[in-house]
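Written below as structure tokens is the structure these notes are about.
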Amino acid sequence: MKAKTIPAANPAKARTGIEGFDEITHGGLPRGRTTLLEGGPGSGKTIMALQTLVNGARLDNEPGIFVAFEESSERIVANAANFGWDLPELMKKKLFFLDVQPSPDLMVSGSFDLSGMLAALQAKAHEMNARRIVFDAVDVPLALLHDPVAERREMYRLHDWLLKNEFTALITAKVGGAETYAANHPQMSFMQFMVDCGVTLAHEFVLGISQRSLRVVKYRGSAFQENDSPFVFGEGGLEVAGSRASGESKIVVSNERVSSGVVRLDTMLDGGYYRGSTILISGFPGTAKTTLAGAFLEAACLRGEQSMFVSFDSDANEVNRNLASVNIRLERFVKKGLLHTKSARSLTGSAEIHLMRIKTLARRHKVRCLVIDPVSALAKSGNEETAYNVAERLIDWTKDQGITLLCTSLLHESGPNLEGTPMQVSTIADTWLHLSYLVQSGERNRGLSIVKSRGMAHSNQVRELVLSKEGVTLADAYTAGGEVLMGTLRWEKEDAVRTAVEEGRVAAKLKQATLESEEALLEVRLKALQLELQGKRAEKQAFSRVESDLTVELATGKTHLHELRGADKA
Amino acid sequence: MSIPAHFKFRLYVAGDGPNSTLAKTNLAAICLEHLADRHEIEIVDVLREPQRALADLVMLTPHLVKLSPGPIRKITGTLSQREVVLQALGLPC
Numbered sequence: 005m006k007a008k009t010i011p012a013a014n015p016a017k018a019r020t021g022i023e024g025f026d027e028i029t030h031g032g033l034p035r036g037r038t039t040l041l042e043g044g045p046g047s048g049k050t051i052m053a054l055q056t057l058v059n060g061a062r063l064d065n066e067p068g069i070f071v072a073f074e075e076s077s078e079r080i081v082a083n084a085a086n087f088g089w090d091l092p093e094l095m096k097k098k099l100f101f102l103d104v105q106p107s108p109d110l111m112v113s114g115s116f117d118l119s120g121m122l123a124a125l126q127a128k129a130h131e132m133n134a135r136r137i138v139f140d141a142v143d144v145p146l147a148l149l150h151d152p153v154a155e156r157r158e159m160y161r162l163h164d165w166l167l168k169n170e171f172t173a174l175i176t177a178k179v180g181g182a183e184t185y186a187a188n189h190p191q192m193s194f195m196q197f198m199v200d201c202g203v204t205l206a207h208e209f210v211l212g213i214s215q216r217s218l219r220v221v222k223y224r225g226s227a228f229q230e231n232d233s234p235f236v237f238g239e240g241g242l243e244v245a246g247s248r249a250s251g252e253s254k255i256v257v258s259n260e261r262v263s264s265g266v267v268r269l270d271t272m273l274d275g276g277y278y279r280g281s282t283i284l285i286s287g288f289p290g291t292a293k294t295t296l297a298g299a300f301l302e303a304a305c306l307r308g309e310q311s312m313f314v315s316f317d318s319d320a321n322e323v324n325r326n327l328a329s330v331n332i333r334l335e336r337f338v339k340k341g342l343l344h345t346k347s348a349r350s351l352t353g354s355a356e357i358h359l360m361r362i363k364t365l366a367r368r369h370k371v372r373c374l375v376i377d378p379v380s381a382l383a384k385s386g387n388e389e390t391a392y393n394v395a396e397r398l399i400d401w402t403k404d405q406g407i408t409l410l411c412t413s414l415l416h417e418s419g420p421n422l423e424g425t426p427m428q429v430s431t432i433a434d435t436w437l438h439l440s441y442l443v444q445s446g447e448r449n450r451g452l453s454i455v456k457s458r459g460m461a462h463s464n465q466v467r468e469l470v471l472s473k474e475g476v477t478l479a480d481a482y483t484a485g486g487e488v489l490m491g492t493l494r495w496e497k498e499d500a501v502r503t504a505v506e507e508g509r510v511a512a513k514l515k516q517a518t519l520e521s522e523e524a525l526l527e528v529r530l531k532a533l534q535l536e537l538q539g540k541r542a543e544k545q546a547f548s549r550v551e552s553d554l555t556v557e558l559a560t561g562k563t564h565l566h567e568l569r570g571a572d573k574a
Numbered sequence: 011m012s013i014p015a016h017f018k019f020r021l022y023v024a025g026d027g028p029n030s031t032l033a034k035t036n037l038a039a040i041c042l043e044h045l046a047d048r049h050e051i052e053i054v055d056v057l058r059e060p061q062r063a064l065a066d067l068v069m070l071t072p073h074l075v076k077l078s079p080g081p082i083r084k085i086t087g088t089l090s091q092r093e094v095v096l097q098a099l100g101l102p103c
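Quick note, the sequences are listed as chains A and B, same order. Heads up, the first sequence is in my numbering, so the first residue is 5 and it goes up one at a time. Heads up, the second sequence is in my numbering, so the first residue is 11 and it goes up one at a time.
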């Protein structure tokens, strides 16, 4: 059980600490007033009353007294042992059981009253400073009176005493088929008028499936949710399905993306699923819904996140083995303690029970990614009416917890609406992937399309889902003549494209070789011409030098002649 | 016939409430009629001694306990139905 440290929100209310109930009643039971808890046999009255005392002692440090008229305290304590309330410890100081089951040998002669009990209780309450008190099965001692007038008088006495002492009180009373019992015991309906708050517990069977619910019938001076609220017995006692009142939403919206486990699908989704969103994968049997779910889980485990896989279809170990054939290896994460598998194939039970189990496990393992395969199993016989509500609350809860939820949903070929889902989860899911078969040219191939994906750009194309030993991937589906090509046809088309590309590549190579040789030829010619040019230049230089030498020599020769002739200097 | 037994009673009452007062009167009348000079009555007022009511688990008042002769018998109520009381106490009607 969660240990709440926050102080009670409303001082006029005494919180019960029962999950969901305090939300329905906007804070709990009326403090210092009396609440009547009615229900048939086995409807959970005693447990709910005891849980209120236990939580009062634990959460608000309010000691409590339990007056047991019907079941002995020994049996009550034994029955509640599984809820982990540690009653023996509480019973040392903060919880007192008063056993007042009338002995079978008790003889009655004439009228009597409850004064003795109230005096005794007053002393005890004062001694332990009790603030809460439960009268379990108050109808038992009153029935001994055999006098409706006297019964009414004693109820007044009890109620007056409770109000005077400002106890937060719970009185439980049997209702065996509401109308008949009230008709035979008008004093019970009188009690309903007397108290400030009335709660009715019901236990019904729909097609053999147990469905429990409770309803707040009246609550003086306070608003409350008036509808039937389903409840279950969880690990820590009652858990009531309190739907969140509008406007109280505190969901943190994340822009973080988490991988779908299939690279090309992430691309199609512009980066993956949103963290904390709900993904629905619908499709007929065998369209690889579980495989996609497995890919998502593997990706989550590779990121090191706690994940959970709830399978309603098959045994979790079988699923792990089967997924290994497409290179999705989950077994290692199970061993590491990252992945928690839960097979609920043969479990019958109400959708509420399933929801409660899933929540309990997810909470225990602090799960961040959750797969329910298939969510449509929640709507099995006997649960059609509640399943939608349960699925809605599951989604609500996972969003609240920031858990990314992936649900698969089975479609039946005979279904009237091929792309619809039995529980309308599709309308509340954030991302909806649809898997289908495409039968063409003697082949059956899987197609994947994104029907919707809120808040992100996403591809509008149908892709082919390809499963192989290497893993899961998506292939572009070719459209030719208005038809989508998959499988062999796609391969042929791809092959044709491959050949064309190859031919183009060869041609380009050839062209390049030709160009290279031409280039080389030109370079060679360029080199030859350059050499020739150099030769010509050298020749030209040499020629001009001979000429100037000659001129110098001629001049020098003349001078020398002048010297020889002894001529006058010029 | 053996010596008539001596009767010991304990009567739990809640103050001067109408039921308790009636029980006291009824018990006194029965004793006077059937057990003259061979009875003892201890009256426990649970409003003044609530701890005793708690210890003895007496919740419905008035409440009569016949302590002896054995076996112990317990009768709840005003003791107005005299036949029931006499039968429980093993006295002739």
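All C-beta atoms, glycine included, are put in the ideal place defined by N, C-alpha and C.
query	result
On the DSSP bridge list, what partners appear for Q196 of chain A?	According to DSSP, Q196 of chain A bridges with nothing at all.
Among A:L439, A:T503, A:T402 and A:M460, whose alpha-carbon lies nearest the alpha-carbon of E468 of chain A?	A:L439
If you compare alpha carbons, which of A:V262, A:P378 and A:D274 is closest to L289 of chain A?	Here residue 289 of chain A turns out to be Pro, not Leu, going by the sequence shown. It is A:P378.
So, L205 of chain A versus K49 of chain A, is the Cβ gap smaller than 7 Å?	yes
Going by DSSP, which residues form a beta bridge with A479 of chain A?	A:E468
State the DSSP-derived secondary structure class of Q55 of chain A, mapped to helix, strand or coil.	helix
Return the chain-ordered ranges of every beta strand (DSSP E) run that is complete within the segment 259–323 of chain A and spans a minimum of 3 residues.	282–287 and 311–315
Between A24 of chain B and V56 of chain B, which are expected to be in contact by the criterion C-beta below 8 Å, what is the C-beta distance as a whole number of angstroms?	6 Å
Using CA atoms only, rank isn't needed, just tell me which of A:A85, A:Y441, A:V104 and A:G406 is closest to I69 of chain A.	A:V104
Closest to L110 of chain A by CA distance: which of A:F100, A:V81, A:L91 and A:L149 is it?	A:L149
Which residue marks the beginning of the alpha helix (DSSP H) containing V501 of chain A, and which one marks its end?	G491 to R569
Could you tell me the boundaries of the beta strand (DSSP E) in which E75 of chain A lies?	Looking at the DSSP string, E75 of chain A is not in any beta strand (DSSP E), and its letter there is neither H nor E.
Counting along the chain, where does the beta strand (DSSP E) carrying K84 of chain B start and finish?	R83 to T86
Got a sec: does the ligand SAM put a non-hydrogen atom nearer than 6 Å to the Cβ of L414 of chain A?	Absence of the ligand SAM is noted for the structure shown, with no ligands found whatsoever.
Would you decide whether L77 of chain B is buried or exposed? Buried here means 16 or more other CB atoms lie within 10 Å of its CB.	exposed
Please list, in chain order, the chain B residues whose beta carbon lies closer than 7 Å to that of P145 of chain A.	L70
Using 7 Å as the limit for Cβ to Cβ distance, is V104 of chain A near chain B?	yes
According to DSSP, is G60 of chain A part of a helix, a strand, or is it coil?	helix
Pull up the distance between the alpha-carbon of P14 of chain B and that of H49 of chain B, whole angstroms please.	11 Å
Taking only the alpha-carbon atoms, compute the straight-line gap between R20 of chain B and V244 of chain A and give it to the nearest angstrom.	49 Å
When DSSP labels each residue in this structure, what does A227 of chain A get in the three-state scheme?	coil
Under a Cβ-count criterion, where at least 16 other Cβ atoms within 10 Å of its own Cβ denotes burial, should D26 of chain B be classed as buried or exposed?	exposed
Leaving out five residues on either side along the sequence, give the residues of the same chain with a beta carbon under 6 Å from the beta carbon of G251 of chain A.	For G251 of chain A, the predicted model reports a pLDDT of 43, less than 50, meaning its position is unreliable; a value from the coordinates is still stated below. Cβ within range, chain order: n/a, list empty.
Around the Cβ of R509 of chain A, are there at least 16 other Cβ atoms within 10 angstroms (buried) or fewer (exposed)?	exposed
Please state if the CB of V144 of chain A and the CB of F209 of chain A are separated by a distance shorter than 7 Å.	no
How far does the beta strand (DSSP E) with H344 of chain A in it reach, from first residue to last?	L343 to S347
At a Cβ threshold of 7 Å, is V75 of chain B touching chain A?	no
Can you say whether P34 of chain A is buried or exposed, counting buried as having 16 or more other CB atoms within 10 angstroms of its CB?	buried
Is I407 of chain A helix, strand or coil when you go by DSSP?	coil
Using the beta-carbon of each residue, which ones in chain A are nearer than 7 Å to G87 of chain B?	V112, S113, G114, S115 and F116
Tell me the residue span of the alpha helix (DSSP H) that contains G120 of chain A.	S119 to M132
Quick one, which residues of the segment 23–39 of chain B are near chain A if we go by CB-CB under 9 Å, in chain order?	V23, A24, G25, G27, P28, N29, S30, L32, A33 and N36
Examine the Cβ distances between the segment 257–270 of chain A and the segment 293–310 of chain A and report whether three or more of them are shorter than 8 Å.	yes
P60 of chain B touches chain A at which residues, Cβ-Cβ below 7 Å?	A123, A124, Q126 and A127
Quick check: the segment 128–143 of chain A against the segment 163–173 of chain A, are there 3 or more CB pairs under 8 Å?	yes
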